[in-house]
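Trainee: Input: one structure, supplied below.
In this note's numbering, the protein residues as written are 570 to 620.
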């Protein structure tokens, strides 16, 4: 099991992560995040709601 996504990206050669969620209307929303920025997404979220 991998401890965090940045470690997984480095170990597995992953370049991008697709971060997604379903909004209140049932529509899937997503962001393509480069591997070098994934640690920030893990800590503070992907800012889907604008905050």
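Where is the CB? At the ideal position from N, CA and C, for every residue including glycine.
It should be emphasised that the depicted structure is a prediction, and the values quoted were computed from it without experimental measurement.
Could you tell me the boundaries of the beta strand (DSSP E) in which residue 590 lies?
Mentor: Its beta strand (DSSP E) spans residues 585-591.
Trainee: Going by DSSP, which residues form a beta bridge with residue 599?
Mentor: In DSSP, residue 599 forms a bridge with 589.
Trainee: Is it right to say residue 606 is buried, meaning 16 or more other beta carbons lie within 10 angstroms of its own, or is it exposed?
Mentor: Residue 606 comes out exposed.
Trainee: Please work out which residues of its chain come closer than 8 Å, Cβ to Cβ, to residue 597, disregarding the five sequence neighbours upstream and downstream, and give them in chain order.
Mentor: Answer for residue 597: 589, 590 and 591, listed in chain order.
Trainee: Looking at the structure shown, is residue 582 part of a helix, part of a strand, or coil, going by DSSP?
Mentor: In this structure, residue 582 counts as coil in the three-state DSSP scheme.
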